[in-house]
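Residue numbers (UniProt numbering): 1 to 280. Cβ coordinates follow ideal geometry from the N, Cα and C atoms, glycine included. Here the structure is a predicted model, which means the values were calculated and not measured. In what follows, a structure is listed as structure tokens, so that the remarks can point back to it.
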DNA sequence: CTTGTTGGGTACAAGCAAAC
DNA sequence: GTTTGCTTGTACCCAACAAG
């Protein structure tokens, strides 16, 4: 895409259009509902009105090849007609690449259902954070998606390693900042794989690199679909004597918001007070 | 003024799942 | 198996706005 193409395109795009494209760049895949929650949450008379608006905008962007819908429906999570999953279209990818001054083309091919489901689960966590911010429960200081949240480090035996969290976030409530690594678990991985990943977190924590930069090590949160899966992961972690249990927390998607709201992402020694009982 | 584009609101159909 | 409830997507209406 030449710069003139990009600018002629930009004239026809609102700041909200650009914001939608940027979201798709960050999260790779988003459902229509995700985009509504992110960009059509305010200023609409009803949920139905917002839903209509977001579909109109997305279909308009689709005709310009800025966004594209996945052929495969990712369903089963909610009742209702199966939703559309969106990703950047070829033109949208070129436009954002030009805007960000990048040379490397990112390919947006049809992902596998398993990859798509996981990607959407990660996006759901991040959007949940922003919604808590809208409700004035917390303040979102920072959200890093893949691959910018990846951390390289040198392990105990001099080996070069990558820590690849699904999401890194810093939130604030009151005077306290909470730092988080999130793993969106869909109960597709065997517990030993989870334990192995937990040990990567431990090796990264042992380098002290993150603590040196931020003064604390983030809480590592596995967000799982149900209590049975939570029990399975907790059992696998506690069964391994090499695991430091204080680094890790396992919550269901249902309890995710409560955990974020009450905090706990601070390192253990920075935890200011005992959790307070709050009623709603 | 006419026309086309964009986006908001509402009604309704389609589709799924839990409840009956 | 049927009903009920919920959610999503589409069709149609309207208003605001810009370009010609």
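- Message: I believe residue 117 touches residue 70 by the beta-carbon criterion, under 8 angstroms. Please report the beta-carbon distance rounded to the nearest angstrom.
- Response: Contact doesn't hold; Cβ gap of about 11 angstroms is too wide.
- Message: Please state whether the Cβ-Cβ distance between residue 220 and residue 248 is less than 8 angstroms.
- Response: yes
- Message: Going by DSSP, what residue range makes up the alpha helix (DSSP H) through residue 244?
- Response: Note, residue 244: premise wrong, no alpha helix (DSSP H); not H, not E.
- May I have the straight-line CA-CA distance separating residue 20 from residue 237, to the nearest angstrom? 39 angstroms
- So what's residue 233 in DSSP terms, helix, strand or just coil? helix
- Message: With H, G and I counted as helix, E and B as strand and the rest as coil, what does DSSP make of residue 106?
- Response: coil
- Is the beta carbon of residue 350 less than 8 angstroms from the beta carbon of residue 167? No statement about residue 350 is possible, as the shown extent of the chain runs from 1 to 280 and does not include it.
- Task: Determine, using beta carbons only, whether residue 141 and residue 182 come nearer to each other than 8 angstroms.
- Result: no
- Query: Taking contact to mean at least 3 C-beta pairs separated by less than 8 angstroms, is the segment 197-214 in contact with the segment 145-165?
  - Reply: yes
- Taking all protein chains shown into account, do 16 or more other C-beta atoms lie within 10 angstroms of the C-beta of residue 260, making it buried, or fewer, making it exposed? buried
- Item | Buried/exposed call for residue 283, threshold 16 Cβ in 10 Å | Nothing can be reported for residue 283, as the shown portion of the chain is limited to 1 through 280.
- Query: Are residue 29 and residue 113 closer than 8 angstroms when you measure CB to CB?
  - Reply: no
- What is the DSSP secondary structure of residue 146, reduced to helix, strand or coil? coil
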